[in-house]
Each structure stands twice: as structure tokens, then as C-alpha cells.
Amino acid sequence: MPESTIPALLGRYRPQHVIGRGGEASIFRATDELLGREVAIKLYRSAGEEEMAQYRTEQAALARLSHHGIVSLIDAGIDYSSPKDPRPFLIMELVSGTDLAAMLAKRELTLEEIAEIAYDISEALEYVHANGVVHRDIKPSNILLVSYGTTTFRARARLTDFGIASGIAGASQQQEEGKTTGTAAYLSPEQALRQPATSASDIYSLGLVLLECFTRSVTYPGTAVESALARLDHEPPIPDDLPDDWGRILHSMTVSDPAGRPTAEQLTPILRDAVIAAAGLQKRPTA
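At position 37 of the sequence shown (counting the first as 1) the number is 50 in our numbering, and the numbers step up by one without a gap.
Structure follows, in C-alpha cells:
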């Protein structure tokens, strides 16, 4: 069914226009006609085996997670308006802003902004991991930067896309079957080796994201295979001139041995201090 002819889902969520596209789904801005509010619809392209696995995984993850650092689930279902082409969907909170990948392509981030993003996502991961969930796909495009309509930019970061999370009953077992799950440029070494991802894997991926915030370049570029294998050959090169304790923080997050990385619970207070330190050094620019 063409996206322009999708009816109101569940009799109340009416799609307006596409605001994002991914490999398996499109994101629509939509109206909840019952409550008169704007929402987001994540509509999968089909009800194939892979799409249904990701749909069930993300639905189960978000149904059990409720945190200000995570985009919230409102409703879910399967659209049968075209009986031969049913499509699962998630109704989610509409977040106003951009994602980190787009922001990095637009301009350099300040130290304060990087610290705020780091703290926000670490705090969200602390909650996620405490609830037995591993995200497995931390990357810039899965970090949304929320705008609250203020005159200055506040990098209030929120985590999204739990489609390949683990620790969920009934979730896809791709990782356990020896398949590499995640985005090649941000995989942990253990994921590159097709070993099960753990909470430490999320910390490693976040470390690569934060390093990219400083350098504005992908640490392990190349094809999926080249990128995945490069981290097995060497740990990420961390610039010597990073401010404050950032070199030490990023090194601890990206060591090859998962046991050597801090937990999100250990990392969050360190990053809170980094936010305070950065705020004392500079003023945030206008957006």
C-alpha cells in the first residue's frame, strides 16, 4: 500500500507525512484524533520474519522501560487494511529536534554539549541495563536531541530504536545464532567476533559515539567487514589533546576487554562531573 494512502491506525492515529526512513521501517508524523495530540508512527515495511522479530523486540523493550532518556511507547498493533500486506507499527512519543548524526554533520559540538549528551545517554543506559536490557545498536542516528523551544540549544539526548535489543523474552536470537547484530562502525569487539552483546558492549559503542563527537569522523570507517575487523586489530586512537579527563574516560569505555570497561552506573556520576566542569569553562552557543 502506498504510504500516502495509509488509513488511521487503530481508528485514531492518522499519518501526516514521513519524517524519517530506516532499513525496515518509516517514521511518520501523525495525529492522535482521539486526544488531539501529535505522535510518531514507526510503520514497518512488511510483516516478514525479520521485521516481525524487530517489531516484537522493540515493543517488548519499550513496554517495560519508562525513563525520561528513552523515547516512550504509546501504542502498538498490526495494520490489516491491506490483508495481503499486513504491516506492524508502533505509536510513539513525537520528539521535536534532530538526531546526533545530523547535528554532527551540521556543526562542531561544544565541550558542554558533548558532556550533556554523554551524561544523558549514560543515565538512560544505567536504567536500561538495570532492567536487564542491552540496546546493541548505540550510534549517532539513534540518539535524538530534544528541542524544548528555548532560545539556546540544550543537548537533551534521548535514546531510541530498541529493535535489536537483547534481554527481552521472545526477542530475536540473531546474536546467539552467531550473526553479527548492530551497526558495523559502532560494534564492540565482542560483537565483531559474533559473541553475545552485554551491557559492556553498549558502553563501548557509546565511547565510539563520544569520540566521534570530538573528532567529527568515524573511528572505524570502511566497508562493514573492514570496519568490524579494524577494532580487533587496534583500540581506537584517542587524541592526546582532549580537554579535562576525556581521554581517560574514552579510553576506559573503549578498551577491548569488556571486563575493563566501567558500567553505566559507574560512568554516570563521572559524566555528571564532566557536565559541571564543562559548564564552568564555556557558554553554550545559540542553535
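Where is the CB? At the ideal position from N, CA and C, for every residue including glycine.
All figures in this text were calculated on a predicted structure; none of them were measured in a lab.
Where the alpha helix (DSSP H) containing residue i begins and where it ends
| i | result |
| --- | --- |
| Leu206 | Leu206 -> no alpha helix (DSSP H), and no H or E assigned at all. |
| Leu124 | 124-143 |
| Asp246 | 237-246 |
| Ala115 | 113-119 |
| Ala291 | 277-292 |
| Ile262 | 259-266 |
Beta carbon of residue i nearer than 8 Å to that of residue j
| i | j | result |
| --- | --- | --- |
| Glu46 | Ala21 | yes |
| Val147 | Ala118 | no |
| His142 | Ala277 | yes |
| Arg149 | Ala210 | yes |
| Ala60 | Ile91 | yes |
| Ala128 | Val288 | yes |
| Arg100 | Leu172 | no |
| Gly110 | Leu157 | yes |
| Glu203 | Pro271 | yes |
Candidates the options: closest to residue i by CA position
| i | options | result |
| --- | --- | --- |
| Ile40 | Asp98, Pro256, Met266, Phe102 | Phe102 |
| Phe175 | Glu71, Asp286, Ile19 | Glu71 |
| Gly145 | Tyr199, Ser212, Ser85, Ala76 | Ser212 |
| Thr232 | Leu172, Thr267, Leu23, Leu157 | Thr267 |
| Pro234 | Arg244, Cys226, Gly35 | Arg244 |
| Arg50 | Glu64, His247, Ile104 | Ile104 |
| Leu86 | Tyr140, His30, Ala53, Arg285 | Ala53 |
| Gln279 | Ile156, Ile262, Asp270, Ser109 | Ile262 |
| Gly180 | Leu75, Ser201, Gly35, Ser95 | Leu75 |
| Leu224 | Gln208, Asp246, Ser265 | Ser265 |
| Tyr306 | Ala205, Ala114, Gly24, Val108 | Because the chain spans 14 through 300 in this model, residue 306 falls outside it and cannot be assessed. |
| Arg169 | Val84, Asp98, Ala197 | Val84 |
| Gly293 | Thr196, Asp98, Thr123 | Thr123 |
Assumed close pair residue i, residue j - CB separation to whole angstroms, cut-off 8 Å
| i | j | result |
| --- | --- | --- |
| Ile134 | Gly82 | 7 Å |
| Asp112 | Ser154 | 5 Å |
| Ala241 | Glu125 | The pair is not a contact, with the Cβ atoms about 33 Å apart (cut-off 8 Å). |
| Glu10 | Gln67 | This structure gives no information on residue 10, because the portion of the chain shown stretches from 14 to 300. |
Endpoints, the beta strand (DSSP E) within which residue i is located
| i | result |
| --- | --- |
| Glu6 | Nothing in the structure corresponds to residue 6, since the chain is present only between 14 and 300. |
| Tyr306 | There is no way to answer for residue 306, as the model of the chain reaches only from 14 to 300. |
| Leu221 | Not the beta strand (DSSP E): Leu221 falls in the alpha helix (DSSP H), residues 212-228. |
| Gly61 | Looking at the DSSP string, Gly61 is not in any beta strand (DSSP E), and its letter there is neither H nor E. |
| Ala43 | 38-45 |
Heavy atom of the ligand MG within 7 Å of residue i beta-carbon
| i | result |
| --- | --- |
| Ser212 | This structure simply doesn't include the ligand MG, nor any ligand for that matter. |
Proximal residues to residue i (C-beta, below 7 Å), its chain only, five neighbours per side dropped
| i | result |
| --- | --- |
| Arg229 | Leu117, Glu121 |
| Ile151 | Tyr199, Asp215, Ser218, Leu219, Val222 |
| Pro282 | none |
| Gly183 | Because the pLDDT at Gly183 is just 46, under 50, the model does not fix this residue reliably, and the value given afterwards should be weighed accordingly. Result list for Gly183: Arg69, Ala73, in chain order. |
| His80 | Ala137, Tyr140 |
| Leu284 | Ala128, Ala131, Tyr132, Ser135 |
| Ser269 | Pro202, Glu248 |
Test: residue i CB closer than 8 Å to a CB of chain C
| i | result |
| --- | --- |
| Ile289 | Of the protein chains in this structure there is only one, and it is not chain C. |
Close Cβ partners of residue i (< 6 Å) along its chain, the five nearest in sequence each way excluded
| i | result |
| --- | --- |
| Ile19 | Pro28 |
| Asp257 | Ala290 |
Chain-order list of residues whose beta-carbon lies under 8 Å from that of residue i (same chain, five-residue window excluded)
| i | result |
| --- | --- |
| Gly33 | Ser39, Ile40 |
| Arg58 | Glu37, Ala38, Ser39, Glu64, Arg100 |
| His30 | Phe41, Arg42 |
| Pro252 | Phe227, Thr228, Gly260 |
| Leu206 | Leu245 |
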